[in-house]
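Sequential numbering from 6 applies to the sequence shown in the working numbering. Structure first, commentary second.
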Amino acid sequence: MRWPQEELTVAGRILASAATLREAAEQLRARYAPMRTTVLDAADLREEFPALRAGGRALFFASSDGHCWTLTQQAEAAQLLILTEE
């Protein structure tokens, strides 16, 4: 999926304005289907750099080789959005 700057802006608004992180995940799933979206504890990704931070929350891109997931900064390679709350 292509992630032009305006889509990152929209994702940031969703991430920051949703009442809960789970609500943000639901909204992002609906907007970017069939992209997968999941929520993790921020401690699980404490050493990693998010693609986006907004409203005390973070969004990471991940891709898969079919077996393992890998975080990526390359939006066009993303197959999964991972959300955390700081």
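Yeah, the Cβ is synthetic: ideal placement off N, Cα and C, and Gly gets one too.
Arg62 is classed as buried because its beta carbon has at least 16 other beta carbons within 10 Å across all chains shown. Taking 9 Å as the cut-off, the Cβ atoms of Val44 and Arg18 do not count as close. Between the beta-carbon of Leu20 and that of Leu50 there is about 15 Å, and that puts the pair past the 8 Å contact cut. In this structure, Ala83 is the residue among Pro39, Gly71, Glu11, Ala83 with its C-alpha nearest to the C-alpha of Pro55. Ranked by Cα distance from Leu13, the options Thr25, Glu31, Tyr37, Ser68 are led by Tyr37.
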